[in-house]
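Visitor: When you line the sequence shown up against this note's numbering, it's residues 282 to 380, in that order.
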Amino acid sequence: MFKPVNPKQNFPELEKEILKFWKEEKIFEKQVDMRPEENKYVFYDGPPFITGLPHYGHLLGSIAKDIIPRYQAMKGKKVERVWGWDCHGLPIENKVEKA
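1. Kindly identify the DSSP beta-bridge partner or partners of D326.
2. Any contact between the region 299-307 and the region 315-327? By contact I mean 3 or more CB pairs, one from each, below 8 Å.
3. Tell me whether K307 sits in a helix, a strand or coil according to DSSP, three-state version.
4. Report the option in K304, G357, G333 whose CA atom is closest to the CA atom of I373.
5. If you count every other CB in all the chains shown that lies within 10 Å of the CB of V360, and 16 or more means buried, which is it?
6. Would you call the region 304-311 and the region 341-355 touching, i.e. three or more CB-CB distances under 8 Å?
7. Would you list the residues sitting across from K321 in a DSSP beta bridge?
8. Can you grab the Cα-Cα spacing for the pair P285 / E296, in whole Å?
What follows is the structure in structure tokens.
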């Protein structure tokens, strides 16, 4: 049923090949476009902001923001990921005040 897996497979190289294929064939875009418009789930991601040095909390937030849209897409929804932008958020204002 499945081809045998090469025990000496170069996984980083394989990943590059797969990524190249996805980019050339616009697989991600096709995955979004093939979903029905009436079964839509829009995920609004908050803007990037400064809260000091990167830490574990940033990683957890990023993971959650990735898992939720992926889960909805696997359920068959048309998921559009919309990134927010905020040039005047409070963390930025605080950094400017200190400068």
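Note that CB positions come from ideal geometry on N, CA and C, so glycine has one too.
Guide: According to the data block:
1. If you number the sequence shown from 1, residue 326 lands on position 45. When beta bridges are read from the DSSP output, D326 appears opposite W364.
2. Because the criterion of three Cβ pairs below 8 Å is not met, the region 299-307 and the region 315-327 do not touch.
3. In the sequence shown, counting from the first residue as 1, residue 307 sits at position 26. DSSP, read as helix, strand or coil, puts K307 in coil.
4. On the sequence shown, position 92 is the one that residue 373 refers to. Closest option to I373, Cα to Cα, is G333.
5. Against the sequence shown, residue 360 aligns to sequence position 79. Burial call: buried.
6. Segments in contact, no.
7. Locating residue 321 in the sequence shown gives position 40, counting from the first residue. Per DSSP, K359.
8. By one-based count along the sequence shown, residue 285 stands at place 4. By one-based count along the sequence shown, residue 296 stands at place 15. Across the structure, P285 and E296 are spaced so that their CA atoms are roughly 18 Å apart.
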